[in-house]
Every structure is written in structure tokens, then in C-alpha cells.
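Trainee:
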Ligand SMILES: Nc1ncnc2c1ncn2[C@@H]1O[C@H](COP(=O)(O)OP(=O)(O)OP(=O)(O)O)[C@@H](O)[C@H]1O
Ligand SMILES: [Mg+2]
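Chains as they are written, first to last, in this note's numbering: chain G, 4 to 317; chain X, 49 to 550.
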């Protein structure tokens with residue numbers, strides 16, 4: 004029993020620690036922006052943070068299998084472009100197209116990883132060029148048209164409801180369900196001990212392909228969110244999301260080796276990174292120093308987190 | 049009627065022939081033992097049955113039907129489950145999740161943790177394992193993990209259970225639990241194929257024994273029609289005399305200890321342990337599995353934070369990291385060779401040379417590795433320990449289990465340690481090599497090394513050690529030496545320390 008209790012505490016240390024960090028960041032933030040806790044601010048900020056949150060969830064899903072996705076930024080931009088280009092024909096159709104494309108790219112990535120036996124880092128690096136090129140074909144110039152009503156409702160609130168926030172909560176609930184299905188358990192099993200899972204009759208390849216496809220759906224949603232937030236598509240806007248999503252996942256305690264990590268923590272970590280970026284903007288420091296500071300804060304945060312949650316060796 | 053027929057099966061890896069026209073069958077309701085030296089091909093033949101690998105030639109038949117497009121998934125669906133030599137648990141998931149790995153019972157698509165734990169309990173009970181099903185598997189000891197593997201194999205009521213050294217990390221009590229399961233299965237008409245290097249276990253449980261040597265079947269014998277010597281002769285092709293070397297002469301006890309520990313304490317591991325490791329003597333740590341033996345060894349090698357006093361050759365010393373321990377010429381062969389003992393992805397050569405860089409890179413200023421010296425050293429060790437590898441450049445993880453263990457031990461020899469700590473030194477090692485290792489340890493002791501071994505094998509402790517300290521719940525409860533050191537006394541002290549104390 005004490006084992007289970009300690010395990011539960013340790014498991015939530017990630018979430019608790021990140022929550023504390025967010026409280027600190029919010030306190031600092033409200034110092035610069037006194038309107039922070041008004042509904043309007045919350046809506047705007049959640050619209051701004053949504054893409055990174057979803058990207059971090061996609062990255063985490065892949066990392067849970069022991070993989071990594073360097074093509075995430077390209078796929079995000081591709082989904083954004085597809086959505087922006089097809090939005091004329093109705094938003095639901097555009098959303099379905101964008102998600103289908105993103106899921107398909109994920110499935111392709113996953114298939115290459117599962118069958119070619121190549122390291123995910125190489126496969127997805129190559130894929131990032133591939134999907135980047137495809138995006139430029141779909142949308143050579145920034146543009147496309149997202150209905151302005153939707154853009155307004157999304158950024159300013161729809162009848163007082165922050166839509167991006169609703170999306171995040173909905174996706175978290177969906178993940179919670181996915182995690183308790185056989186697929187969810189196999190995902191963790193493959194990440195924790197792939198050979199053992201295979202020897203126990205788990206279809207490890209199918210699991211990997213599905214995980215990458217699921218990540219594609221998350222990233223596709225992020226792309227759609229970004230398109231709606233900005234009102235158009237831009238083929239080059241995705242790049243920073245790749246590394247930021249990895250940073251968020253690591254900060255959240257998702258292991259590079261797979262099998263360990265929680266989505267809740269990934270969401271909070273993405274929030275930390277988003278808040279931190281904004282906060283550094285407020286300081287008015289030169290962008291160079293902002294980058295340095297951001298790096299330092301991340302390293303400190305990850306180090307502290309690692310020490311706090313480290314397994315006690317007997 | 050044969051349940052499973054293995055018919056003239058051959059298998060090679062990169063031109064290295066591992067199985068050559070192997071044939072045997074498994075009858076319904078029998079326990080068949082597969083016996084053979086390390087690297088004889090036992091695990092390989094089992095991997096064909098479980099669908100982990102496909103034969104190059106030959107055929108396997110289940111109920112007379114040839115196996116086609118075989119895979120672990122299909123094998124499992126056909127009622128074949130297995131406990132692999134290498135553990136297949138996911139350390140990050142709970143025991144219950146591991147027990148049902150790949151076949152989690154779902155209700156409306158969802159797998160409920162409570163439900164899993166409830167269903168796992170009777171299975172864990174059946175294998176004699178008393179742990180909370182919700183603990184993470186990685187927190188269990190190796191032996192407990194092995195029992196979880198067994199519970200996992202029982203989930204789908206197997207027709208054929210394959211046990212590849214499934215008892216190697218278990219103590220006597222736990223082995224009895226495994227035997228009970230095997231007998232239940234046999235009584236229910238299921239079959240069991242078992243592999244073990246503990247010969248006594250094989251004779252206790254099997255109906256027939258099939259002997260493999262260098263990838264070919266030497267013979268299949270009924271248990272009633274054979275004995276230990278006969279099997280060993282078939283296995284290694286010669287007689288095996290005196291398994292254990294003679295013990296140290298009692299006069300040597302007067303020498304000053306190389307290492308003395310007083311009140312050695314590792315939080316959550318052991319408490320107040322006093323030990324004296326004397327040159328020329330082999331001290332054993334006995335007792336049930338998981339009573340703190342591992343903690344003692346890890347502390348003495350600087351791997352576990354510990355309290356208490358340690359003296360090296362009479363002088364107080366601190367062992368706070370493996371580096372310091374190595375500098376004090378302490379060597380440690382760990383229990384889990386894959387985590388602490390070997391670089392599994394590296395070659396046999398690299399593994400053997402790594403701990404001996406001083407020997408092979410003598411040019412202090414340039415400190416490049418002298419390839420000739422390295423090749424010589426490696427060849428010598430491979431020869432001395434009879435490591436069976438395709439070549440020194442073979443990856444360590446491609447070696448058979450027993451040969452990996454030999455590499456883990458061999459890599460320490462050239463550094464001439466003063467204190468040698470070994471956890472389960474002969475786990476998964478065949479009798480012929482066991483004998484060599486026992487004699488080697490005794491030779492090392494005679495040359496002035498102080499040796500400390502833990503072992504779950506009672507016979508081994510009694511046969512090999514000059515003295516055995518029996519541990520229970522982290523403390524030494526009994527010390528047996530000389531005429532007191534018998535299997536019976538050792539078992540009694542292990543399971544029921546209070547009684548022997550009184
Ligand atoms: N994947 C592989 N690649 C190359 N060689 C291999 C591979 N698997 C096994 N071998 C070789 O096949 C031989 C037989 O190995 P196997 O694991 O079947 O032996 P074993 O009888 O189970 O031995 P042990 O008792 O030590 O477990 C060994 O020499 C090993 O090096
Ligand atoms: Mg084997």
C-alpha cells in the first residue's frame with residue numbers, strides 16, 4: 004500500500020510542480036498585465052496557446068512509444084494550409100480535410116518507423132522536408148480565407164465562452180478515454196518494453212502507426228486552431244512548434260525512451276512555455292536575451308523537476 | 049499423441065548454424081525438459097515454437113497441423129504461452145497491467161484498473177506471489193518479476209507452457225510454487241517444456257529429457273531410464289567429476305580481512321550487517337530471495353548509499369561511488385547483467401576490454417588502445433571462460449544468456465581484484481561451466497582474493513562457500529561454517545530464522 008501511495012504522489016509531482024510554476028508565472032504576468040484574469044484576456048491567451056498545447060500532446064503521444072516527431076511543425080503548417088484553402092467550402096468540411104491529411108501524414112511517418120526499422124529521429128527529419136514541400140504546393144503564398152465570423156468568435160469568445168479552452172478540455176477528456184482502452188495500454192507497453200510487448204502478442208507495428216496517426220490528429224487540430232486564430236494560412240509558420248513541443252514534453256516528464264509520461268503534464272508544460280515567452284516579451288529585453296533567458300529557465304525547471312521526481316535508487 | 053512436433057528444424061544466424069535438423073515432440077500431458085550447454089540452441093528452438101522467429105528449414109506441427117505464418121500472437125491464440133529467459137515485463141506499468149499484457153480485459157472498450165487488479169489477484173496467488181497488483185513492475189525484485197511472467201503465461205489457460213529458465217532468479221520456496229503450477233497443468237492434460245540449468249529441478253519435475261548439443265539433438269530419455277551423470281555426459285560429451293572444489297584450509301582464517309564492514313545499513317535494504325571478507329575465503333550470503341543480499345553487495349561497490357563503517361585492509365574507507373570501489377580493487381558482477389553488467393549493444397571484445405583499459409592502453413600520454421594487446425586479452429578471456437561467441441565482434445546481446453553471464457564475469461579478471469563481489473554468479477550457466485566457475489573462484493581465492501557471493505541455489509552455497517551468512521529481512525540471522533554448513537541447516541535458517549535463533 005505505501006508503495007501505491009508513494010507512486011501516486013510521485014506521479015502527480017509533475018503536475019503539482021508545473022502547476023506551482025504556472026501560478027508563479029501568472030503572478031508575474033498579472034504584474035505587467037492587470038487585465039489578465041478578465042474573460043477577454045483568458046480567451047485571447049488560450050487562443051494563442053492552443054496550438055502549442057495540442058502540438059505538445061501530439062509530440063508526447065509519439066514519445067510515449069519511444070519515438071520522436073521532427074516533422075511536427077511541417078505537419079502543423081500543412082494542416083493549417085489545407086484548412087485555410089478549403090475553408091471556402093464550409094468550415095466542417097475544411098476541418099475534416101485538414102485532420103484527415105494530418106492523420107495520414109502521421110500514419111505515413113509511423114509506417115516508415117514501424118516497417119523500415121529506421122530510427123524515428125531520422126524518418127521524421129526526412130519527413131519534415133517532405134511535408135514542408137507539400138505544404139508549399141498547397142499554399143505557395145500566405146493566404147486562404149477563414150470566415151471572419153469564426154475568427155472573431157474564436158479570439159473574442161463565443162457568447163462569452165472561450166472556445167480554445169473548450170477544445171483543450173475536450174481533447175484531454177478524449178485522451179483520458181483513449182488511455183484506458185487497450186490501445187492506450189499497448190501504447191505505454193510498447194514504449195516501456197517493445198520486445199516484451201511483441202513477445203506477448205501485442206501488434207507493436209499497428210500500435211506505433213496508430214500512435215503517430217493519433218499525434219497527427221492532435222497536430223492537425225493545432226494547425227486548424229492556428230489558422231482560425233490568425234485568419235489565414237502560412238506555410239512557414241510551423242517550424243518553431245517542433246522544438247517547442249519537444250521542450251514541453253520533456254518539461255512534462257515524458258521520457259525520451261518511451262513508456263513514461265502524462266498528457267495533463269504536457270498541457271501544463273506547454274502553458275508554462277507559452278506564458279514564459281509572453282512574459283519575456285513584456286520585459287522589453289532584446290530578443291537575444293529573451294532566448295537566453297528562456298533557455299536558462301527551461302534548463303533550471305527541467306533540472307529541478309528531474310531531481311524532485313527522480314526514482315529513489317535503493 | 050504428440051501435441052507439438054518439431055521436425056528436422058534448422059536455423060542459422062548470419063551464416064552461424066545454431067540449430068541443425070532438430071527433431072523432438074511434446075506429448076499431451078507431459079513435462080519435457082530441454083537440456084544443453086550454454087549456446088546449445090535451447091532458447092532458439094523455443095523461439096520457433098513461440099513464433100518469435102521462423103525456421104530456415106524443417107517444420108513444426110501443432111496437433112499434426114503445420115504451423116504457418118507463425119507469430120507470438122498466433123501462438124498465444126493457439127494456447128501456447130511462455131516465460132522467456134529474458135524478462136519481457138514493462139517496468140513502468142503495474143503488475144496487473146503486465147499480467148494481462150496484450151490481452152487486457154476491456155468493458156465497453158475501457159480497461160479499468162480496479163477490474164485488472166481484481167482479476168490479477170488469483171493469478172498472482174496461484175504463483176505464490178504476494179504483492180499489490182497495482183505496484184509498478186519495475187519495483188519488484190528479479191525473482192518476483194519472474195513470477196509475474198509466470199502469472200502472465202497462465203492468463204489464457206495454456207495447452208503448452210514454455211518455461212525458459214523461469215526459475216533462475218527464484219529461491220527454493222518460489223521454485224516449489226512454480227512446480228505446483230506445472231503439476232496442476234500436467235494433471236489438467238496440458239504440456240510443459242522447461243529449460244533449466246539446475247539439474248535437480250529438471251529431475252524433480254520432468255517426464256522426459258531431450259538433450260541438445262551444438263544445435264543437434266543427442267538423445268531423448270525417459271526420466272526413469274536416466275540419471276544425472278548420463279545427462280551430463282550427453283550434454284558436454286565427457287564425465288564431470290567433483291563439481292565443487294575443495295574448501296579452504298581452516299588455518300587461513302587467521303589472515304587479516306581485506307574488507308570489514310560494521311553495521312552496514314542501506315535504507316530499505318539491509319540493516320546493521322557485519323561482514324569480514326578475508327583473502328583466501330569464499331563467503332556466501334544466503335537466505336530467501338530479496339532479504340537484503342543485493343543491497344549489501346551494491347553498498348560495498350559504492351552503488352547504494354549506506355551507513356556503517358567500512359575498513360579496507362585495516363584502514364577506514366568510504367565507498368561512495370563505483371569508481372572508488374574499483375580503485376580499491378573491488379569488483380562486482382551484478383545480478384541483472386543487462387542493466388549493470390554489460391553493454392549489450394557492444395561487442396564482446398569491447399565489453400571485455402572496457403574494464404581493462406589500463407592494460408590495453410598502456411601508453412599513458414597517448415592513451416590509445418593497443419589493438420594487439422586488446423585482441424590478446426580478449427582471446428585469452430574467451431578461451432579461459434569458454435565463452436561461446438561467433439567472433440569477438442559479436443554483439444553481447446546476441447549471445448546466449450549463459451554466455452552473457454560469462455562475459456560479465458570475465459571482464460573483471462585481468463584487473464586482479466582484491467575483493468570480488470558476485471550476485472548469482474552461475475545464474476543461467478550450464479553445469480560444465482558452473483564447475484569451471486566454482487573452480488575459478490576457488491583458484492582466485494587461493495591466490496588471495498576475498499570473495500563474497502549471493503546465491504539462491506542452496507546446493508551451490510553449501511558446496512562452494514567456506515562460510516554462509518544467512519540474511520532475513522535485511523539482517524544477518526545466522527552464520528554457518530564447517531560441519532554446520534549443510535543444505536538442511538541453511539534452508540531451515542532461511543525460512544524460519546526465529547526458530548533457529550531460539
Ligand atoms: N539473434 C541472434 N543473432 C546471432 N546469433 C544468435 C542469435 N540468437 C542466438 N544466437 C546464437 O545462437 C546460439 C544458441 O543460442 P541460444 O540462446 O539458443 O542458446 P541456449 O541453449 O538458450 O543457451 P543458454 O543456456 O545460455 O541460454 C548462441 O551461440 C548464440 O550466440
Ligand atoms: Mg537460453
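For each residue, glycine too, the CB sits at the ideal point set by N, CA and C.
Among 139(X), 196(X), 101(X), which one has its Cα closest to the Cα of residue 147(X)?
Mentor: Translated into positions along the second chain, residue 147(X) becomes position 99. The shortest C-alpha separation from residue 147(X) is found at 196(X).
Trainee: So, residue 149(X) versus residue 213(G), is the Cβ gap smaller than 7 Å?
Mentor: Walking along the second chain from the start, residue 149(X) turns up at place 101. Walking along the first chain from the start, residue 213(G) turns up at place 210. For residue 149(X) and residue 213(G), no; Cβs fall outside 7 Å.
Trainee: With residue 60(X) and residue 66(X) assumed to form a contact (beta carbons below 8 Å), what rounded beta-carbon distance in angstroms separates them?
Mentor: Here residue 60(X) is taken as the residue at index 12 of the second chain, counted from 1. Here residue 66(X) is taken as the residue at index 18 of the second chain, counted from 1. With a Cβ gap of about 6 Å, residue 60(X) and residue 66(X) count as contacting.
Trainee: Under a CB-based cut-off of 7 Å, is residue 192(X) close to chain G?
Mentor: As a first step, residue 192(X) must be located in the second chain, where it is residue number 144. Output row for residue 192(X): interface = no.
Trainee: Cβ of residue 120(X) less than 7 Å from any chain G Cβ?
Mentor: As a position in the second chain, residue 120(X) is number 72, starting the count at 1. Yes - at least one Cβ of chain G is within 7 Å of the one on residue 120(X).
Trainee: Could you give the DSSP three-state label for residue 433(X): helix, strand or coil?
Mentor: As a first step, residue 433(X) is located in the second chain; it is residue number 385 there, counting from the start. Looking at residue 433(X) - three-state DSSP - the assignment turns out to be coil, as it is neither helix nor strand.
Trainee: For residue 185(G), would you say it is in contact with chain X, using Cβ-to-Cβ distances shorter than 7 Å as the test?
Mentor: As a first step, residue 185(G) is located in the first chain; it is residue number 182 there, counting from the start. For residue 185(G), the answer is yes, since a Cβ of chain X falls inside 7 Å of its Cβ.
Trainee: Along the beta strand (DSSP E) that carries residue 364(X), what are the first and last residues, could you check?
Mentor: For the purposes of this step, residue 364(X) is taken as the residue at position 316 of the second chain. Segment 363-365, the beta strand (DSSP E) holding residue 364(X).
Trainee: Going along chain X in order, which residues have a C-beta closer than 8 Å to the C-beta of residue 176(G)?
Mentor: Here residue 176(G) refers to the residue found at position 173 of the first chain. The premise fails here: residue 176(G) is roughly 13 Å from chain X at the closest Cβ pair, so nothing lies under 8 Å.
Trainee: Please report the distance separating the alpha-carbon of residue 413(X) from that of residue 469(X).
Mentor: Numbered from its first residue, the second chain carries residue 413(X) at position 365. Numbered from its first residue, the second chain carries residue 469(X) at position 421. Because residue 413(X) carries a pLDDT of 48, less than 50, the predicted location of this residue cannot be relied on, and no value is offered for it.
Trainee: For residue 43(G) and residue 275(G), what's the separation of their Cα atoms in angstroms?
Mentor: Counted from its first residue, the first chain places residue 43(G) at position 40. Counted from its first residue, the first chain places residue 275(G) at position 272. The straight-line gap from Cα to Cα measures roughly 20 Å.
Trainee: Taking contact to mean at least 3 C-beta pairs separated by less than 8 Å, is the stretch 243-251 of chain G in contact with the stretch 81-101 of chain G?
Mentor: Verdict: no, contact absent.
Trainee: Measure from the C-beta of residue 154(X) to each C-beta in chain G and report whether the shortest distance is under 7 Å.
Mentor: Here residue 154(X) refers to the residue found at position 106 of the second chain. Yes - at least one Cβ of chain G is within 7 Å of the one on residue 154(X).
Trainee: Just verifying my parser: in three-state terms, what is the DSSP assignment at residue 251(X)?
Mentor: Here residue 251(X) refers to the residue found at position 203 of the second chain. Residue state, collapsed to three classes: helix.
Trainee: I'd like the list of long-range same chain contacts for residue 351(X), defined as Cβ closer than 7 Å, with 5 residues on each side in sequence excluded.
Mentor: Here residue 351(X) is taken as the residue at index 303 of the second chain, counted from 1. So the list reads 370, once near-sequence residues are dropped.
Trainee: With which residues is residue 261(X) paired in a DSSP beta bridge?
Mentor: What you label residue 261(X) is simply residue 213 of the second chain in a count that begins at 1. According to DSSP, which records beta bridges pairwise, residue 261(X) is partnered with 264(X).
Trainee: To which residues of the same chain is residue 105(G) closer than 6 Å at the C-beta, ignoring the five residues directly before and after it?
Mentor: Locating residue 105(G) in the first chain gives position 102, where the first residue counts as 1. Excluding residues within five positions, the ones whose Cβ falls inside 6 Å are 78, 82, 219, 222, 223.
Trainee: Excluding the 5 residues flanking residue 308(X) on each side, which residues of the same chain have their C-beta closer than 6 Å to its C-beta?
Mentor: As a first step, residue 308(X) must be located in the second chain, where it is residue number 260. If we look at residue 308(X) and ignore the five residues flanking it on each side, its Cβ neighbours are 324, 359.
Trainee: Starting from the C-beta of residue 46(G), find all residues in its chain whose C-beta is less than 6 Å away, skip the five residues before and the five after it, and write them out in chain order.
Mentor: Against the first chain, residue 46(G) aligns to sequence position 43. Once the five neighbours on either side are set aside, the close Cβ partners of residue 46(G) are 160, 165.
Trainee: If you draw a straight line from the alpha carbon of residue 297(X) to that of residue 424(X), how long is it in whole angstroms?
Mentor: The residue you call residue 297(X) lines up with position 249 of the second chain. The residue you call residue 424(X) lines up with position 376 of the second chain. Each residue's Cα considered, the two are about 35 Å apart.
Trainee: When the Cβ atoms of the stretch 455-475 of chain X are set against those of the stretch 489-509 of chain X, are three or more pairs found closer than 8 Å?
Mentor: Yes, they touch.
Trainee: On a Cα-Cα basis, can you pick out the residue from 80(G), 49(G), 120(G) that is closest to residue 238(G)?
Mentor: Along the first chain, one-based indexing puts residue 238(G) at 235. Minimum Cα distance to residue 238(G) is reached at 80(G).
Trainee: So, does the CB of residue 159(X) fall closer than 7 Å to a CB anywhere in chain G?
Mentor: The residue given as residue 159(X) occupies position 111 in the second chain. Interface residue, yes.
Trainee: For residue 449(X), is the beta carbon positioned less than 6 Å from some heavy atom of ligand 3?
Mentor: Ligand 3 is absent from the structure shown, which contains only ligand 1 and ligand 2.
Trainee: Going by Cα to Cα distance, which pick from 444(X), 162(X), 264(X) is closest to residue 399(X)?
Mentor: For the purposes of this step, residue 399(X) is taken as residue 351 along the second chain, with counting starting at 1. The shortest C-alpha separation from residue 399(X) is found at 444(X).
Trainee: Just to make sure I have the definition right: I need the residues of chain X whose C-beta is within less than 8 Å of the C-beta of residue 196(G). Which are they?
Mentor: Stepping through the first chain from its first residue, residue 196(G) is reached at position 193. Per Cβ cutoff of 8 Å: 136, 137, 138, 139.
Trainee: Which residues in chain X sit within 8 Å of residue 253(G), going by Cβ to Cβ distance?
Mentor: Within the first chain, numbered from 1, the residue matching residue 253(G) stands at position 250. Within chain X, no residue comes near residue 253(G); the closest Cβ sits about 17 Å away, beyond 8 Å.
Trainee: Would you say residue 101(X) touches ligand 2, meaning its beta carbon is less than 6 Å from a heavy atom?
Mentor: Here residue 101(X) is taken as the residue at index 53 of the second chain, counted from 1. No; taking the cut-off as 6 Å, the Cβ of residue 101(X) has no heavy atom of ligand 2 nearer than that.
Trainee: Whole angstroms are fine: how far does the CA of residue 224(X) sit from the CA of residue 537(X)?
Mentor: In the second chain, residue 537(X) corresponds to position 489, counting from 1. In the second chain, residue 224(X) corresponds to position 176, counting from 1. Each residue's alpha carbon lies about 18 Å from the other.
Trainee: Would you please verify whether the beta carbon of residue 124(X) is less than 7 Å from any beta carbon of chain G?
Mentor: By 1-based counting over the second chain, the position of residue 124(X) is 76. Chain G contact via Cβ: present.
Trainee: Here's a check: name, in chain order, each residue in its chain whose Cβ is nearer than 7 Å to the Cβ of residue 231(G), leaving out the five neighbours to either side.
Mentor: For the purposes of this step, residue 231(G) is taken as the residue at position 228 of the first chain. If we look at residue 231(G) and ignore the five residues flanking it on each side, its Cβ neighbours are 149, 153, 154, 157.
Trainee: Flag residue 204(G) as yes if its beta-carbon sits less than 7 Å from any beta-carbon of chain X, otherwise no.
Mentor: Taking the first residue of the first chain as position 1, residue 204(G) is located at position 201. Chain X contact via Cβ: present.
Trainee: Under 8 Å, with one C-beta from each stretch per pair, do the stretch 113-133 of chain X and the stretch 478-492 of chain X reach the 3-pair mark?
Mentor: At 8 Å Cβ cutoff, the stretches do not touch.
Trainee: If you run the structure through DSSP and keep just helix, strand and coil, what is residue 193(G)?
Mentor: For the purposes of this step, residue 193(G) is identified with residue 190 of the first chain, where counting begins at 1. Note: residue 193(G) maps to helix in three-state DSSP.
Trainee: Contact criterion: CB-CB distance below 7 Å. Does residue 149(X) meet it with respect to chain G?
Mentor: Your numbering for residue 149(X) matches position 101 in the second chain. Yes - at least one Cβ of chain G is within 7 Å of the one on residue 149(X).
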